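> Position 106 of the sequence shown, counted from 1, bears residue number 109 in this note's numbering, the numbering being contiguous throughout. Ideal placement from N, C-alpha and C gives every residue a C-beta, glycine not left out. From a predicted model like this one, the values you see are computed outputs, not experimental measurements.
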Amino acid sequence: MGQVVVVAVLVAWLVVTVLFALPRVGDPIGQRLPAWCLSLIPSWSFFAPNPPRDDRVLLYRDVFGGQGAGPFREVWSSAAGSDLFKGRTEKAVTDSIGELLVRSRVSAGQDGQDGRKPTDPLQGMQAAQVMVSTPYVQLLNRVAAAPHDPRTQAVQFVIVATDHGEESPKVLFISATHRLDAEPPARTVPEPPRARVGTC
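1) Pick out whichever of P138, S107, R108 has its Cα sitting closest to the Cα of D98.
2) Using the rule of at least 16 other Cβ atoms within 10 Å of the residue's Cβ for burial, across every protein chain shown, is W39 buried or exposed?
3) Under a Cβ-count criterion, where at least 16 other Cβ atoms within 10 Å of its own Cβ denotes burial, should D152 be classed as buried or exposed?
4) Please state whether the Cβ-Cβ distance between G68 and Q156 is less than 7 Å.
5) Cα separation between A147 and L25?
6) Helix, strand or coil for R27? Go by DSSP, reduced to three states.
7) Below 7 Å CB to CB, which residues in the same chain sit around P45 once its five sequence neighbours on both sides are set aside?
8) Opposite D58 in the DSSP bridges: which residues?
9) Count the other CB atoms within 10 Å of the CB of S42; is the residue buried (16 or more) or exposed (fewer)?
10) F23 to L13, Cα distance in whole Å?
11) Please return the same chain residues whose Cβ sits closer than 8 Å to the Cβ of Q113, not counting the five positions on each side in sequence.
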């Protein structure tokens, strides 16, 4: 009986994976499944039906309390070279950007089919699900590690697509504003227990 259940689960997973890979069938499946479930479905794309025709750029800006915000500055760009020649860190940024864009589209109702745009700020549970996702946290850490103005109290990042033929970049994702601590909290390491010295 146990083997039948395992085989049934694996066959169902295979069928959902194959259906999810089909463009016309996969999009509706992605809309119906919860965000946590999407990470369980592998995405296989040996031959890209839509090859990238633009470069993705990760920008950030410093937010100064009541004094406004600074200009957007580039942290990372996919135009810096091929993924084959990048280190693991750069490849991780590429993957995080792609995964975050997929998750934000699903949370926004697949490119705004519910009347919203993917670049609109997410609300309530949608925002919470995206902001605690691994790709969002990885990109936020990358932005937090970048150089900042001493007056900076918070940061915000944006993912844009730039096309060599277009003049203005297209905004793909806007993050929430996150407080930036000037100094990380000090870690306290507990002392190891001391051995008692005595006579037997």
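On the basis of the data shown:
1) Counting from 1 along the sequence shown, the entry for residue 98 is found at position 95. For D98, the nearest C-alpha among the options comes from P138.
2) Along the sequence shown, read from residue 1 onward, the residue named residue 39 stands at position 36. W39 is exposed by the Cβ-count criterion.
3) Here residue 152 refers to the residue found at position 149 of the sequence shown. Exposed, by the Cβ-count rule.
4) Position 65 of the sequence shown, counting from 1, holds the residue named residue 68. Position 153 of the sequence shown, counting from 1, holds the residue named residue 156. Yes; because the gap between Cβ atoms is below 7 Å, this pair is in contact.
5) Residue mapping note: residue 147 aligns to position 144 of the sequence shown, counting from 1. Residue mapping note: residue 25 aligns to position 22 of the sequence shown, counting from 1. Taking the straight line joining both Cα atoms gives about 37 Å.
6) What you label residue 27 is simply residue 24 of the sequence shown in a count that begins at 1. Helix at R27.
7) Position 42 of the sequence shown, counted from the start, is the residue given in the question as residue 45. Counting only Cβ-Cβ distances below 7 Å, and skipping sequence neighbours, we find T20.
8) By one-based count along the sequence shown, residue 58 stands at place 55. In the DSSP output, where bridge partners are listed per residue, D58 has T165.
9) Residue numbering aside, residue 42 sits at position 39 when the sequence shown is read from its first letter. With fewer than 16 other beta carbons inside 10 angstroms of its own, S42 counts as exposed.
10) Position 20 of the sequence shown, counted from the start, is the residue given in the question as residue 23. Position 10 of the sequence shown, counted from the start, is the residue given in the question as residue 13. About 15 Å.
11) The residue labelled residue 113 in the question sits at position 110 within the sequence shown. A caution first: Q113 carries a pLDDT of 49, below 50, which makes its placement in the model unreliable, though a value can still be read off. Closer than 8 Å at the Cβ level, and outside the excluded window around Q113, lie D30, G33, Q34.
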